[in-house]
Amino acid sequence: IRQPFLTGSPFETEFELEGPAGHLVFNWRLTPDFGADGKVNTVLAVARDITQRKLAEAALKEREQYQRAVLDNFPFMVWLKDTESRLLAANQAYADVAGLPLPNDLVGKTDLDLFPAEDAEHYRAGDLEVLDSGKPKTVEEPLFSQGRTIWMETYKSPVTLDGKTIGTVGFARDISDRKHYQQQLEHIAHYDTLTGLPNRVLLADRLQQAMRQVQRHDKKVAVAYLDLDGFKAVNDQYGHDVGDQLLTSLAGHMKRALREGDTLARLGGDEFVAILLDLPDVETTVPMLSRLLAAANEVFHKDDHALRVSASLGVTFYPQAEPIDADQLLRQADQAMYQAKLAGKNRYRIFDADHDRSVRGHHESLERIRQALHDREFVLHYQPKVNMRTGEVIGAEALIRWRHPERGLLSPGNFLPLITDHPLAIPLGEWVLDTAMQQVEDWKAAGLSLPISVNIDAIQLEQADFVDRLRQQVAAHPGLVPGDLELEVLESSALKDFGQVSRVIQACHEIGVGFALDDFGTGY
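Counting from 1, one number per residue, gives the positions in the sequence shown under the working numbering.
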């Protein structure tokens, strides 16, 4: 009370009382009243009961503390910003990431005050996008803080009050472990676990990219398919662990033999593919291919052993005169690699399109013949055998013809040479035999008895089960008697085992089938 008398200034304080009504809080204000002499004569005291206000303030403070405790115990960052991206509030997790001791230290700061400029501009752009669109947004983004990069999943949403956007609220949680796991899975999906080289999946993607890029420039792309020579022997002799070590070593040598930007991938086993980019011409690849072969030929030392293998390499180029896709390029390079192996290994071969067309044409012809057999397009014509002295018809020779739906009636010379020494000659030959036997029976039923001779391919005759199958066919035609069927060998020079042929001839005689070596050199 004496304070206003001493100082001449108003004095205000709070005091608490315990009374019948309980605990009360008062605001007490003392105001001095000055006399004519300028001295304080009296003091006006006013006391107001502020118990309810203090209770409300205490409740509000407790609620704020509770909210702060909740926010600070969130395992992720929480913040509130104004429309200028200044922080209005944040939790302890945000302060920890920003490297500040307390959340209040963040208030009033922007991302530019806390993070690298480039990152801060990115975060500000995200804020503006949310503010402009009025829609929330979730992104995965890196956050660089205190010398390390943290991957965050960030959610931002506009905050509105009375229909007006006043800022943004955000949440961000650390997903670095998940991101690392995803990256591991991504690596496993695209890289070979043994050598660390790109695998078949990543190879396909890079080849597609290379093909798209080269179309915009006057350059070439080379696809080189490499298969190790003698690797199986190393595996068999020294075991798979040593084989894996050899593969890893050679993969490193071959990768270093390529230029930066080129790709070396492992398809599996001992097969690799290289993609060589930005080639001005075919000749440019020659030293590259030589380096690859030399790298595959490097010595690998294991204990006291010096192991060495070589490689066969096939290469093709893109673009080509005709449209071609990535899979076809790989097949072309694979075919060229096979030609390199046939030529003696430890060398490269460039894909020959003319040879490939010839091979594909031959394959298509074989498939067409197989289809024709299935569709019953073949027929037998019978050429009479005449005794030149008497003029008597003594038999007939079965001659195959092809009723081609587009080319008309084809003679044997148009298709039989295609299946010489090919397994397809066997089912076609059996069809000829069965059809000829049926014709003999049909003639007999009509009162005509004529033996038939049938040409047979050497590959069919040399089958181990030829006699057994012939015996079954003869048994299926009970109208045949010994002498009704005679076999003539096509191109006897193609016979490889005359001892076996002799035994077959003897067995044929035993089941009533004659045999002749005739038509030498005609092919049919």
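By construction, the Cβ of each residue, glycine as well, lies at the ideal position given by its N, Cα and C atoms.
Under 8 Å by Cβ, that's how I've got residue i and residue j pegged, so tell me the actual separation to the nearest angstrom.
| i | j | result |
| --- | --- | --- |
| P136 | K156 | 6 Å |
| A224 | V273 | 7 Å |
| D111 | R124 | 6 Å |
| P423 | L373 | The pair is not a contact, with the Cβ atoms about 12 Å apart (cut-off 8 Å). |
| I275 | T284 | I275 to T284, Cβ: 14 Å. No contact. |
| H527 | E16 | Because the chain here runs from 1 to 524, residue 527 falls outside it and cannot be looked at. |
| L289 | F300 | In fact, because the Cβ distance is near 21 Å, the residues do not count as touching under 8 Å. |
Could you check if residue i is buried or exposed, using at least 16 other CB atoms within 10 Å of its CB as the buried criterion?
| i | result |
| --- | --- |
| G126 | buried |
| T193 | exposed |
| M388 | exposed |
| R206 | buried |
| V515 | In the sequence as displayed, the identity of residue 515 is Phe instead of Val. Under this definition F515 is a buried residue. |
| G523 | Confidence at G523 is low in this model, with a pLDDT of 41, below 50, so its placement is unreliable and the value that follows should be read with caution. With fewer than 16 Cβ atoms within 10 Å of its Cβ, G523 is classed as exposed. |
| R266 | buried |
| T316 | buried |
| S312 | buried |
| F498 | exposed |
| K220 | buried |
| Y348 | buried |
| N73 | exposed |
| E392 | exposed |
| L292 | buried |
| A233 | exposed |
| N91 | buried |
| F144 | exposed |
| S85 | buried |
| E121 | exposed |
| D270 | buried |
| T154 | buried |
So what does residue i bridge to, in DSSP terms?
| i | result |
| --- | --- |
| Q383 | E397 |
| M288 | Note: M288 sits in no beta bridge, so no partner. |
| G243 | G243 is not bridged to any residue. |
| N27 | E14 and R48 |
| S312 | D227 and R347 |
| S411 | Answer is none; S411 lacks a bridge partner. |
| F378 | W402 |
| M152 | E141 and D174 |
| L366 | Note: L366 sits in no beta bridge, so no partner. |
| L487 | V454 and F515 |
| A222 | L276 and F317 |
| F34 | V40 |
| Y191 | P198 |
| R266 | F272 |
With H, G and I counted as helix, E and B as strand and the rest as coil, what does DSSP make of residue i?
| i | result |
| --- | --- |
| K109 | coil |
| I452 | strand |
| T390 | coil |
| R526 | The displayed coordinates of the chain run from 1 to 524. Any statement about residue 526 would go beyond what the structure contains. |
| R173 | strand |
| S157 | strand |
| I324 | coil |
| R503 | helix |
| F351 | coil |
| I275 | strand |
| Y524 | Note on Y524: pLDDT 40, under 50, position unreliable in the model; no value is reported. |
| S493 | Bear in mind that a pLDDT of 46 at S493, under 50, signals an unreliable position, so the number given afterwards is only what the model happens to contain. Reduced to three states, the DSSP call for S493 is helix. |
| F317 | strand |
| F74 | coil |
| H301 | strand |
| R2 | helix |
| K135 | coil |
| D534 | No answer is possible for residue 534: it lies beyond the span of the chain, which begins at 1 and ends at 524. |
| L418 | helix |
| L531 | Shown here, the chain extends from 1 to 524; a query on residue 531 therefore has no answer. |
| G429 | helix |
| R86 | coil |
| A306 | strand |
| L461 | helix |
Using 9 Å as the threshold, is the C-beta distance between residue i and residue j below it?
| i | j | result |
| --- | --- | --- |
| I400 | L380 | yes |
| I459 | T420 | yes |
| L480 | G512 | yes |
| W79 | L106 | yes |
| V454 | L418 | no |
| D484 | V432 | no |
| E377 | P405 | yes |
| A93 | F115 | no |
| V97 | I175 | no |
| G243 | F231 | yes |
| A507 | V474 | no |
| D82 | I166 | yes |
| A204 | A326 | yes |
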